[in-house]
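Going by full-length UniProt numbering, the first residue of the sequence shown is number 1, and it counts up by one from there. Even for Gly, the Cβ is constructed at its ideal location relative to N, Cα and C. The structure displayed is predicted, hence computed values, not measured ones.
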Amino acid sequence: MFLRNAAARFRDMRIASKMLIGYLVLVMVPTIAFGALFYHQFYSNIFKDYSESQQHLVQLASNSFEVSLAQAESIYNLFQYNPEVTDHLGGHYTSDADQVYNYLKNIRPVINFALSGNSFIRSVQLYVRNKQVLPVQGELGYESDLTNPRVVDTLKTLSVNRGVWMAESKAADQAPTMTYYQKIYDPTFSFELGVLKVEVRPDIMTDFFNSVAPEPNRNIVFYQDGQALYRSLNIDLPRQQMDAILARLQSGDDHFYWQEHKLFINSIAIKGLPFRIMLINGVDGAFSHVRERTIGFAGVLVGLLALLSLVYYLIVSTITKRIVRLAKHMRKVDQDHLPEYVGRVDKDEIGLLTASYNLMIRRIDDLLNRVHRAELMKKEADYQVLQAQIKPHFLYNTLESIRMLAEINDDEEVVEAIYTFGRLLRYSLSSGENDTPLAEEIENVRHYLQVHKIRMEDKLKFDFRIETDLSDIRCPRFILQPLVENCIVHGLGKSRKGGRIDVHVCREDDRIRISIADDGGGVPPERLETIRGVLDKRLNKNRLQTTGSGMGLYNVSERIKAYFGPGSELRIDSGPDEGTRYTIIFRPGRDSDAESDDRR
1 MFLRNAAARF RDMRIASKML IGYLVLVMVP TIAFGALFYH QFYSNIFKDY SESQQHLVQL
61 ASNSFEVSLA QAESIYNLFQ YNPEVTDHLG GHYTSDADQV YNYLKNIRPV INFALSGNSF
121 IRSVQLYVRN KQVLPVQGEL GYESDLTNPR VVDTLKTLSV NRGVWMAESK AADQAPTMTY
181 YQKIYDPTFS FELGVLKVEV RPDIMTDFFN SVAPEPNRNI VFYQDGQALY RSLNIDLPRQ
241 QMDAILARLQ SGDDHFYWQE HKLFINSIAI KGLPFRIMLI NGVDGAFSHV RERTIGFAGV
301 LVGLLALLSL VYYLIVSTIT KRIVRLAKHM RKVDQDHLPE YVGRVDKDEI GLLTASYNLM
361 IRRIDDLLNR VHRAELMKKE ADYQVLQAQI KPHFLYNTLE SIRMLAEIND DEEVVEAIYT
421 FGRLLRYSLS SGENDTPLAE EIENVRHYLQ VHKIRMEDKL KFDFRIETDL SDIRCPRFIL
481 QPLVENCIVH GLGKSRKGGR IDVHVCREDD RIRISIADDG GGVPPERLET IRGVLDKRLN
541 KNRLQTTGSG MGLYNVSERI KAYFGPGSEL RIDSGPDEGT RYTIIFRPGR DSDAESDDRR
């Protein structure tokens, strides 16, 4: 019921209101809705791509970080597989002098080599179990000096040939100190000799930070077992939000976009480290330039939509005003007052309606025996004749001006197209005799095909084979163009891939033979028999008239017979999917008994 009432109210609205509502419902609302949907989808995709690319960047940086850590771990081999080191730690040298000599000669150079060979290493220390080995300040101590309970407990569970990285942080805003521990055994790995401790500089962490995020936008967190060990944040992130992020990372997501708070979260585990590294980026910081461009683009779209709406309003106003004026004029009409609408009459539907109204008024006026009916009709006819009159030379000059302008602009394709069309138009509009040299008729067909080729491009191919001299042969005008037009419209027009048209002129004894063939779909057998029957005058020519084709073939045949006399004819051969061939055969020279009025 509601829809019915709404439809009734809509039908009663003024046409301007209807067009405005139609514009809002069919153009404005769908455009805004599509723009909003596209904006949301665009940002969803770009956020996803950015998160994945950031995760890839973190992965590459972590690989480089792991290589640096592996280089620090490789120092262990310098001590474990050095017999001088294992002998010294195992108590092989009993006297103090031997120990000092061996340490200075064989162990300290190894430590110095390790320190100089890797700039990231801050210190290398050995912790020995054998209390008989003399300690060296800062380089060699006893295992009992390792007092950190977490380190001691970890070393107890450490297996052979396995090392461990330990991280110690004094405060959450200070980067943790990275230290590597691994046990040293005797050459047979039968019993433990001591522990190697390698401490790296903070530079190794700084390089990793710089590779994943620049200093102003650096937001990095180290976390382990759901707890943040270290954080370097330039954004305000409350503890509750941090706990929520860590909880989601613990659930298995290594990277995601937190839409509620507009944050990109990326995390990765470094091989050998006990904690994971998390990178946090805000949307505003990562996409500030994109957002600015988007806002600018949206502003341009809104402005363009407003401009188009204004143009649409002006067009609609122009149309509706013409209808309103006509309706207002029609309200003034009664039996004693039958004025015609004297406003502007264009050649569109409203103009047709106005012209039809004026025609109706004139007919009514004629039925009511108005005094000035004949004079008004004559004036209207004279006006239409004047409006329709265009001199051929004006068209030629205009086309030549356009062609010269295109030639100045080096647009050869347009130059050639206008030139060809001008030649075709000149031939069509030229006044004079009703016959023409056959060479000019064939040249006109060539121009006609070239004009069609501009539209059809590679779908239309054609070839001309002229195998005789045509200089002294005349023929009726426009006997070949209708045949070529049939080839294009009925032959090639039904095929999406286009086709080919061949024009062949030759002399057979004392006759001229003109053949025009296409490789299109051909003519159905029933239609072909009808055409042949009409051309042979076995059937009435009205049988040839259909909605798809007219009397062109019949007119061409009759004009050929009237001009060249007996022995001249038009043949048509065709078959399904075999194309169609039109053949004109005649003796050169106009028949003396031919009709003088040769019209198309």
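Return the Cβ separation of LEU338 and ASP366 in integer angstroms, given the expectation that the two are a contact with Cβ distance under 8 Å. Actually they are not in contact, since the Cβ atoms of LEU338 and ASP366 sit about 10 Å apart, beyond 8 Å.
When we look at the beta-carbon of GLY22 and count the other beta-carbons within 10 Å, is it buried (16 or more) or exposed? exposed
How should ILE560 be labelled, buried or exposed, when 16 other C-beta atoms within 10 angstroms of its C-beta is the threshold for buried? buried
Count the other C-beta atoms from every protein chain shown that fall within 10 angstroms of the C-beta of ARG322, then say buried if there are 16 or more, exposed otherwise. buried
Buried or exposed: which applies to ASP518, given that a residue is buried once 16 or more other Cβ atoms fall within 10 Å of its Cβ? buried
Which partner residues does PHE264 have in the DSSP bridge list? TYR257 and ASN281
Around the Cβ of GLU349, are there at least 16 other Cβ atoms within 10 angstroms (buried) or fewer (exposed)? exposed
Per DSSP, which residues does MET178 bridge with? Please list them. ALA167
Just how far apart, CA to CA, sit GLU569 and ILE585? 6 Å
Express the C-alpha separation of GLU84 and LYS105 in angstroms, rounding to a whole number. 10 Å
Per-residue burial, HIS56 [other beta carbons within 10 Å of its own, 16 or more giving buried]: exposed
Taking the beta carbon of GLN182 as the centre, do at least 16 other beta carbons fall within 10 Å, making it buried, or is it exposed? buried
Kindly indicate which residue of VAL152, VAL160 and ARG344 has the alpha-carbon position closest to the one of MET166. VAL152
Can you grab the Cα-Cα spacing for the pair VAL556 / PRO482, in whole Å? 8 Å
Exposed or buried, SER356, counting other C-beta atoms within 10 Å across all chains shown (16 or more means buried)? exposed
Start and end of the alpha helix (DSSP H) containing GLY351? 349-367
Touching or not, the stretch 185-192 and the stretch 203-215, by the rule of three or more beta carbon pairs under 8 Å? no
MET278 and TYR223 closer than 8 Å at C-beta: yes
Taking 8 Å as the cut-off, does the stretch 53-70 touch the stretch 265-275 (at least 3 CB pairs, one atom from each stretch)? yes
In this structure, does DSSP put VAL133 in helix, strand or coil? coil
Which residue's Cα is closest to the Cα of TYR180: GLU526, ALA306 and LEU158? LEU158
Burial state of THR436, where buried means 16 or more other Cβ atoms lie within 10 Å: buried
Looking only at its own chain, which residues have a Cβ that is under 8 Å from the Cβ of ILE479, when we skip the five neighbours before and after it? GLU441, VAL556, ARG559, ILE560 and ILE584
In terms of alpha-carbon separation, which member of GLY552, LEU78 and VAL25 lies closest to LEU115? LEU78
Since VAL445 and THR468 should fall inside the 8 Å C-beta cutoff, what is the C-beta to C-beta distance between them, to a whole number of angstroms? In fact, because the Cβ distance is near 16 Å, the residues do not count as touching under 8 Å.
If contact is defined by three or more beta carbon pairs under 8 Å, each pair taking one atom from either stretch, is the stretch 418-426 in contact with the stretch 449-466? yes
Helix, strand or coil, according to DSSP, for TYR554 in the structure here? helix
Can you give the Cα-Cα distance for LYS347 and THR354, rounded to whole angstroms? 10 Å
Under three-state DSSP, which class holds GLY521? coil
Shortest alpha-carbon distance to SER232 belongs to which of GLN250, LEU246 and ALA213? ALA213
Pick from ILE473, GLY35, VAL195 and CYS475: whose alpha carbon is nearest that of ASN161? VAL195
Based on DSSP bridge pairs, tell me the residues matched to ALA228. TYR223
The alpha helix (DSSP H) that contains ARG474, what's its start and end? ARG474 -> not in any alpha helix (DSSP H); beta strand (DSSP E) instead, spanning 474-476.
Alpha carbon of LYS48 to alpha carbon of GLN259, nearest angstrom: 11 Å
Can you tell me which of the three DSSP states TYR103 falls into? helix
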